[in-house]
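Residue numbers (my numbering), protein chains in the order written: chain A, 327 to 710; chain B, 4 to 218.
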């Protein structure tokens, strides 16, 4: 649907509702005219006026359905009929009439103007009808002035609301279209990337089989494949977070941020949904994890395998970093701290302590494991 | 009895490489397919025991093919092989009934080991997949309180898989047998796959639970 399409759809919907309102107004006007038929000077002319209202209501119900028929001419005629029926009142009922023949029925024309021409249309139609009503009366009662005032107020208000609704529908359509475009772009990119990754994996495999220089090429391909895969994962997580609604201002997705730490040897395991936390918390937590990984590179090996696991329970966030190194002897960290070397202790424990969490390290036959825990309650307090 | 395998991949060189590896390792490759349509037609014709399946194939995609295969013959083992490891797709394929998942960059030895394990019905999880599954159970228990939950032991084992530990290392650390660790992972997979009511009911009956109130 085009941009104009959304606005037209809103207009059509409002005009359908108006048709129902017109029928109610018509029934009311016809009923009142029959009830007051006693104080009419020319009953035949009055009957003619009522028939004209019935006929015009029927015609308008048909004419407003199709957007192509909603021309200026139709709207001018709609308002013209209403003014003409008002003008006919003194001729039919005599100069000292109390209620006009169409009564509230004229609101139908005014609302059509408000819906089609929005604020300005509502104002113009309201002013024209109010002026016509007041000009025809010999004496002005307070209630006549009230009715006129309501017409002039209601027209622009309805017109403004209709304009706002159309604008919202247009914006919503634009947002939906851009989300669909982003999803399609992501899908196409996925196909291309998958092909690239396949070829890199294949080169790696064949290179390994052939040996020699080909094996070196294979190792290069393996390296590129891993880099590209982790890049894609981070960008996938970012796209997913974007499509599920942009994070609140000042918040970042921890899954995306941690995925960026993936590199040859390093695996990041995380849930498939975004975990949004205040940006400073994410930055500090990622820095702490990065320090754990730097520690692995330093003490175990440049490309030593390490695993990062992110878990998000309702009450806490836990990140575990495991490697298969020999571990840190008990008391070694405290010793280094006492000697004034704050390296690991400062960058990991200090950061977590600042965030209101804890960092503990355990080692054993299974390797070394850092466990970084952040209770959600402290995060909430900090956000306050 | 030799295990009968079908290989589905749209990349001809990959398909040939996997096929020849499997043949050399003693498997009988009864069919190959380059897209979802071929895969389903040839699956019906040859009824393989095990399907090695690429997720990114021309329509219907790997997830749809897995769903259909498990629907037709629930005892079929599916090993998902994917280059990009597209997270949602991998989780969807495993939920649909795949027994294992491996990235394509895995070595030949890793691939053959995974095929052998999947043929035995043993789940093959990568650390990344275990992390996704942990997250999925977290999400489900928050959203749908009636969904089956993991026991503490199952969560513990799954967390260790997500931290890159092998079943053997997990067994050693928890002082359990390798077989017990395997059973825990199998139960995790079963609970993950019980996404429809029929299966939930069957699960409840197996456990001797009274289902009259619920159904």
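For each residue, glycine too, the CB sits at the ideal point set by N, CA and C.
Keep in mind the model is a prediction, meaning the values are calculated, not measured.
Boundaries of the beta strand (DSSP E) harbouring residue 85 of chain B: 80-85, taken from the DSSP string. With the rule of 3 Cβ pairs closer than 8 Å, the segment 511-527 of chain A counts as touching the segment 541-558 of chain A. By the Cβ criterion, the segment 69-87 of chain B is in contact with the segment 100-119 of chain B, since at least three pairs of Cβ atoms, one from each stretch, lie closer than 8 Å. Taking 8 Å as the threshold, the shortest C-beta distance from residue 141 of chain B to chain A falls below it.
Beta-bridge partners assigned by DSSP to residue 602 of chain A: A/579. Between the beta-carbon of residue 474 of chain A and that of residue 459 of chain A there is about 6 Å, and that keeps the pair under the 8 Å contact cut. Residue-level contact by beta carbon fails for residue 550 of chain A and chain B, as no gap is shorter than 8 Å. Excluding residues up to 5 positions away in sequence, 351, 352, 355, 379 lie with their Cβ nearer than 7 Å to the Cβ of residue 431 of chain A in the same chain. When DSSP states are grouped into helix, strand and coil, residue 362 of chain A belongs to the coil group. Following the DSSP letters along the chain, one finds residue 589 of chain A in no alpha helix (DSSP H), marked with neither H nor E. Residue 611 of chain A is positioned such that its CB atom lies no closer than 8 Å to that of residue 634 of chain A. Within 10 angstroms of the beta-carbon of residue 552 of chain A lie 16 or more other beta-carbons, which makes it buried. By the beta-carbon neighbour count (other beta carbons within 10 angstroms, threshold 16), residue 369 of chain A is exposed. For the pair residue 39 of chain B and residue 62 of chain B, the CB atoms are nearer than the 8 Å cut-off. For residue 699 of chain A, the uninterrupted beta strand (DSSP E) segment begins and ends at 693-701. Secondary structure at residue 494 of chain A: helix, using DSSP grouped into helix, strand and coil. Just so you know, the alpha carbons of residue 50 of chain B and residue 94 of chain B end up roughly 25 Å apart.
For residue 685 of chain A, the secondary structure class from DSSP, reduced to helix, strand or coil, is strand. For the C-beta of residue 524 of chain A, the chain B residues within less than 7 Å are, from N- to C-terminus, 14, 17, 86, 107. With contacts defined by Cβ atoms closer than 8 Å, residue 605 of chain A and residue 677 of chain A do not form a contacting pair. Judged by their CB atoms, residue 404 of chain A and residue 464 of chain A are not nearer to each other than the 8 Å cut-off.
A check of alpha carbon separations from residue 594 of chain A across B/90, B/70, B/127 identifies B/90 as the nearest.
Residues of the segment 681-695 of chain A with a C-beta less than 8 Å from any C-beta of chain B: 690, 691, 692, 695, listed in chain order. By the beta-carbon neighbour count (other beta carbons within 10 angstroms, threshold 16), residue 388 of chain A is exposed.
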